[in-house]
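Here is the structure we will look at.
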Amino acid sequence: MVTFLPTRPGRLADVPSFDRGIGGAESNVACVLAAAGHTTRWISRVGADGFGDHLVEAIGGYGVDVSHVRRDPARPTGIYFRTAGDRSTDAHEVAYYRAGSAASAMTAADLDLEAVRAGRILHLSGITAALSADCLALMRELTAPHPDRPLISFDVNHRPGLWRDAHGPEVLLELARGADIVFVGEDEAEQAWGITGGPSSIREALPEPDILVVKQGARGAVALPVHRGQSCRWGDGGPPARAKPRVGEGGRDGTPQAPGRATHPRPAPVQGTCEPALKVDVVATTGAGDAFAAGFLSATLRGLPVRDRLRHGHLTAAATLTTPGDLAPPPPRTLADRLAALDDTAWGRLRLGPGWTQADEDEWAEKEARTP
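If you want the numbering used here, it's the 1-based position in the sequence shown plus 351.
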């Protein structure tokens, strides 16, 4: 969608003008991954209008392949507006104008499914499933077993206001159970599915995904790369164990090569990996979840251990949290690798504010030397 960001705080009724940007769960992830040096493709539908032109040009400007984006002459590009006040607490107004949008008309019949499945990871969002019956049918097609299926990454992204009936939570659970990597917030699981027992209880409801990532807000995130997860508490047992790349999840370098759900062998269960969140001077929260997913997927594509995947997720989210828009350039890979490799004590001391991704190596070395 095209995003309109207010030029000053206040109610939507009072804000006189807005700055235009881009937004959308899947396109955000694609842009961040492209900025991090990965080859990415965004496939969608936009209107044959100026807003559609802007989206295609802006997303393509990040280095994303947009050659498979279809233009719809009969339907408009989706847009939304949001307020600026209290964004650090996520207490802000959002007004969506996407009913009948070009994206809501996506179907399996009018997309190049070979192009959709060509990547090593296909990232999907529960938001798309809520747009229309056709979009839901497409999501079911993409999460079903298929001989050419890449690893499916699915961000639950429960948005109650987008669902026209009461079956949204049930549909999201169905789609998540068909994915290989699932991202869900602990509060989101409670709101959508009534699950209150934490990561282990969420894992009980989602036994199929190879990796379940449960986001716990300011506390951090838990990755359960097991068939049947175990509960894990902050600080138990010292540093979390590093999971090895598993058969079916990656090749010798850990890069994903699995064709589909039915062919994934199950490894022996291991304990979940917990990583605390960073201390961040928050400017805005919008887009942070997408950035976290992009950081985690980037590290997955590089075959990094699960602990480092979580840390890269936190670092990429911190880049977005310290900027006002939905999208922010991720930290340079050398800097992110350096910070992700810190010991637990040094990781816990980090505090990141606006502009931290632009600091050079000498500045970081000086900062670390000054830190007691």
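Beta carbons: idealized from backbone N, C-alpha and C, even for Gly.
Where DSSP assigns a beta bridge to V356, which residues make up the other side?
-> By 1-based counting over the sequence shown, the position of residue 356 is 5. Note that residue 356 is Leu in the sequence shown here, rather than Val. Its beta-bridge partners are D370.
When burial is assigned at 16 or more other CB atoms within 10 Å of the CB, is S418 buried or exposed?
-> Residue mapping note: residue 418 aligns to position 67 of the sequence shown, counting from 1. Answer is exposed; the Cβ neighbour count stays below 16.
Just the Cα atoms here: how many angstroms apart are V297 and T651?
-> Residue 297 lies beyond the stretch modelled for the chain, which goes from 352 to 723, so this question has no answer here.
In whole angstroms, what separates the C-alpha of H443 from that of D370?
-> For the purposes of this step, residue 443 is taken as residue 92 along the sequence shown, with counting starting at 1. For the purposes of this step, residue 370 is taken as residue 19 along the sequence shown, with counting starting at 1. Each residue's alpha carbon lies about 17 Å from the other.
Residue closest to P360, alpha-carbon to alpha-carbon, out of L666, V634, W707 = Your numbering for residue 360 matches position 9 in the sequence shown. Comparing Cα positions, the closest option is V634.
Can C726 and L678 be called in contact, C-beta distance under 8 Å?
-> Because the chain is modelled from 352 through 723, residue 726 falls outside the range shown and cannot be assessed.
Does the distance from the C-beta atom of R702 to that of A628 stay below 8 Å?
-> As a working note, residue 702 is residue 351 in the sequence shown. As a working note, residue 628 is residue 277 in the sequence shown. Going by C-beta atoms, R702 is not nearer than 8 Å to A628.
F369 Cβ short of 7 Å to the ligand NAP heavy atom set | Absence of the ligand NAP is noted for the structure shown, with no ligands found whatsoever.
Express the C-alpha separation of D404 and H663 in angstroms, rounding to a whole number.
-> The residue given as residue 663 occupies position 312 in the sequence shown. The residue given as residue 404 occupies position 53 in the sequence shown. So the alpha carbons of these two residues sit roughly 32 Å apart.
P357, buried or exposed, once every other Cβ within 10 Å from all chains shown has been counted against 16 = Position 6 of the sequence shown, counted from the first residue, corresponds to residue 357. P357 should be labelled buried.
Distance, Cα to Cα, S368 vs S395?
-> The residue given as residue 368 occupies position 17 in the sequence shown. The residue given as residue 395 occupies position 44 in the sequence shown. So the two alpha carbons sit approximately 28 Å from each other.
From R438 to Q542, what does the alpha carbon distance come to, in whole angstroms?
-> For the purposes of this step, residue 438 is identified with residue 87 of the sequence shown, where counting begins at 1. For the purposes of this step, residue 542 is identified with residue 191 of the sequence shown, where counting begins at 1. Bear in mind that a pLDDT of 40 at R438, under 50, signals an unreliable position, so the model cannot answer this.
Any idea what DSSP makes of V407, helix, strand or coil?
-> As a first step, residue 407 must be located in the sequence shown, where it is residue number 56. Three-state DSSP puts V407 in a helix.
Spatial distance of S483 from A670 (CA atoms) | To locate residue 483, count along the sequence shown from 1; it is residue 132. To locate residue 670, count along the sequence shown from 1; it is residue 319. S483 and A670: Cα-Cα distance of roughly 33 Å.
Can you grab the Cα-Cα spacing for the pair S476 / A697, in whole Å?
-> The count along the sequence shown starts at 1 and reaches residue 476 at position 125. The count along the sequence shown starts at 1 and reaches residue 697 at position 346. Going by the C-alpha atoms only, they are around 34 Å apart.
State the beta-bridge partners of G536 as determined by DSSP.
-> Along the sequence shown, one-based indexing puts residue 536 at 185. G536 is bridged to K566.
Given V467, which residues of its chain have a CB within under 6 Å of its CB, disregarding the five upstream and five downstream residues?
-> Locating residue 467 in the sequence shown gives position 116, counting from the first residue. Only I394 meet the Cβ criterion.
Output the distance between the C-alpha atoms of I546 and P520, rounded to the nearest integer angstrom.
-> Locating residue 546 in the sequence shown gives position 195, where the first residue counts as 1. Locating residue 520 in the sequence shown gives position 169, where the first residue counts as 1. Their backbone Cα atoms lie some 12 Å apart in a straight line.
Just mark A385 as buried or exposed, buried being the case when its beta carbon has 16 or more other beta carbons within 10 Å.
-> Here residue 385 is taken as the residue at index 34 of the sequence shown, counted from 1. By the neighbour-count rule (16 or more Cβ atoms within 10 Å), A385 is buried.
Pull up the distance between the alpha-carbon of P511 and that of E539, whole angstroms please.
-> As a working mapping, residue 511 is identified with position 160 in the sequence shown. As a working mapping, residue 539 is identified with position 188 in the sequence shown. Roughly 10 Å between the two C-alpha positions.
Under the three-state DSSP convention, the category H474 falls into = In the sequence shown, residue 474 corresponds to position 123, counting from 1. Residue state, collapsed to three classes: strand.
Thinking C-alpha only, which one of A574, D659, D632, N508 is nearest P675?
-> In the sequence shown, residue 675 corresponds to position 324, counting from 1. Selected option, being the one with the closest Cα: D632.
The beta strand (DSSP E) enclosing D695, as first and last residue numbers | Within the sequence shown, numbered from 1, the residue matching residue 695 stands at position 344. From DSSP, D695 is part of no beta strand (DSSP E) but of the alpha helix (DSSP H) over 695–700.
Leaving out five residues on either side along the sequence, give the residues of the same chain with a beta carbon under 7 Å from the beta carbon of T685.
-> Indexing the sequence shown from 1 puts residue 685 at position 334. So the list is empty, once near-sequence residues are dropped.
On the premise that V420 lies in contact with V397, defined as a C-beta separation below 8 Å, what is that separation, rounded to the nearest angstrom?
-> To locate residue 397, count along the sequence shown from 1; it is residue 46. To locate residue 420, count along the sequence shown from 1; it is residue 69. Indeed, because the Cβ distance is near 6 Å, the residues count as touching under 8 Å.
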